[in-house]
Amino acid sequence: MKKRIGIDIGGTKIQLGLVLEDKILKKIKAPTPPSPKDGLLLIETLLNELTKGEEIAGIGIGVAGFIDIEKGEIISSPNLPFWNGFPLKKAMEERLECPIFVDNDVNCATLAEARFGAGAGKKNIIGIFVGTGIGSGMVIDGKLIHGAACSGIEIGHITINPKGAVCMCGRRGCLEAYSGGLAIMKYARHRVRDVDEVVRASEEGKEWANLSLRRAGRALSLAIANLITTLSPDIVILGGGVIKAAPTIFEMVKTQVPLIVLPVAMRGVQIEVAKFKEEAGFLGASLLVK
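Under my numbering, the first residue of the sequence shown is numbered 6, with each subsequent residue one higher.
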């Protein structure tokens with residue numbers, strides 16, 4: 006069985022892993038360059054270091070942004086603005102003599118959880134990853150769901166309140182504007198560097214911090230309840246930096262979702278924390294290789 010390479014291209018770092026099934030044999034990371042030209046040079050250098058003497062079946066790449074999976078092109082990426090419209094698959098295949106597959110980074114993380122993580126053995130899996138923003142993906146019978154515009158299951162931009170807070174996408178009332186890491190910090194209305202500070206303040210009994218976390222938990226619960234009613238998954242998996250930093254939000258979701266959702270749709274549905282941490286992106290990307 007041949008080994009595969011998984012690459013996770015994020016706004017701040019690029020991570021690569023040499024993978025055999027669910028085993029990460031080697032991994033490496035470096036800061037993400039702003040331009041795709043410099044990014045490709047960096048990836049090529051890291052690949053040479055990672056694959057010395059190794060025979061690989063192909064390379065899967067997860068990118069933060071909207072991806073045309075047929076062309077392997079980055080349609081748009083808020084975190085990688087200079088990569089917008091970049092034909093990543095074509096550019097990589099011109100440099101490397103192996104198959105290249107490209108998808109969204111959260112889709113890749115969801116695939117890793119579905120195959121080897123909290124969703125292993127389940128047929129219908131939704132993965133929701135709450136960090137600075139919110140991304141999500143769905144796997145049915147082992148296959149990622151993309152939708153006609155390659156933008157399926159974008160829970161971060163489900164409308165919670167049409168006249169609500171302004172989202173980074175420019176629209177009002179998106180879930181991300183309530184439950185994303187930036188939104189939690191902004192609503193706290195205190196100078197905080199990260200969500201960890203909001204959580205510490207909440208643990209110290211600061212009401213401003215409690216209000217921000219409760220606001221995030223309520224909105225996330227509402228969005229997840231609507232997804233469960235609409236899509237009827239076996240399991241909803243929650244991961245990302247905010248879920249790790251603020252376990253109270255996960256507990257709120259576990260408590261509130263069953264009270265909101267259509268009761269028949271909730272039968273047998275599990276809500277669990279993701280098994281994998283930062284390696285989920287490149288591990289899932291490696292699974293794109295056919």
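C-beta atoms are modelled at their ideal positions from N, C-alpha and C, and glycine is treated no differently.
As the structure is a computational prediction, the values presented were derived from the model and not from experiment.
Alpha carbon of residue i to alpha carbon of residue j, nearest angstrom
i: ARG223; j: MET257; result: 7 Å
i: LYS57; j: CYS155; result: 35 Å
i: ALA294; j: THR37; result: Note that residue 294 corresponds to Val in the displayed sequence, not to Ala. Approximately 23 Å, taken between the alpha carbons.
i: ALA96; j: ILE61; result: 19 Å
i: LEU51; j: GLY44; result: 11 Å
i: VAL197; j: ALA206; result: 10 Å
i: GLY175; j: ALA69; result: 18 Å
i: GLY210; j: ILE79; result: 44 Å
i: LYS8; j: ASP110; result: 20 Å
i: PRO268; j: PRO39; result: 47 Å
i: GLU208; j: ILE74; result: 43 Å
i: GLY22; j: LEU30; result: 7 Å
i: TYR192; j: GLU26; result: 42 Å
Within 8 Å, strictly: CB atoms of residue i and residue j
i: ASP5; j: PHE281; result: Outside the shown range of the chain, which is 6 to 295, sits residue 5, and nothing can be said about it.
i: VAL241; j: LEU218; result: no
i: ILE276; j: VAL262; result: yes
i: ILE189; j: VAL171; result: no
i: ILE160; j: ILE133; result: yes
For residue i, the three-state DSSP class (helix, strand or coil)
i: LEU180; result: coil
i: PHE121; result: helix
i: ASP43; result: helix
i: PRO167; result: coil
i: GLU277; result: strand
i: GLU6; result: Here residue 6 turns out to be Met, not Glu, going by the sequence shown. Looking at MET6 - three-state DSSP - the assignment turns out to be coil, as it is neither helix nor strand.
i: LYS94; result: helix
i: LYS128; result: coil
i: VAL241; result: strand
CB contact check: residue i to chain D, cutoff 8 Å
i: GLY16; result: The structure shown contains no chain D; it holds only a single protein chain.
Residues near residue i in its chain [Cβ-Cβ closer than 7 Å; skip 5 each side]
i: SER184; result: VAL135, ILE139, ALA221, ALA224, LEU225
i: ILE248; result: VAL135, ILE254, PHE255, VAL278
i: ASN215; result: SER207
Residues near residue i in its chain [Cβ-Cβ closer than 8 Å; skip 5 each side]
i: ALA331; result: Here the chain comprises residues numbered 6 to 295, so residue 331 is not present and cannot be evaluated.
i: ILE150; result: GLY142, MET143, VAL144, GLY157, ILE158
i: HIS162; result: CYS172, CYS174, ARG176, CYS179, LEU180, GLU181
Own chain, CB closer than 6 Å to residue i, minus 5 neighbours either side, in chain order
i: TRP88; result: PRO41, ILE79, SER82
i: THR235; result: none
* Asked: Is the stretch 130-147 in contact with the stretch 88-102, if contact means three or more CB pairs nearer than 8 Å?
  -> no
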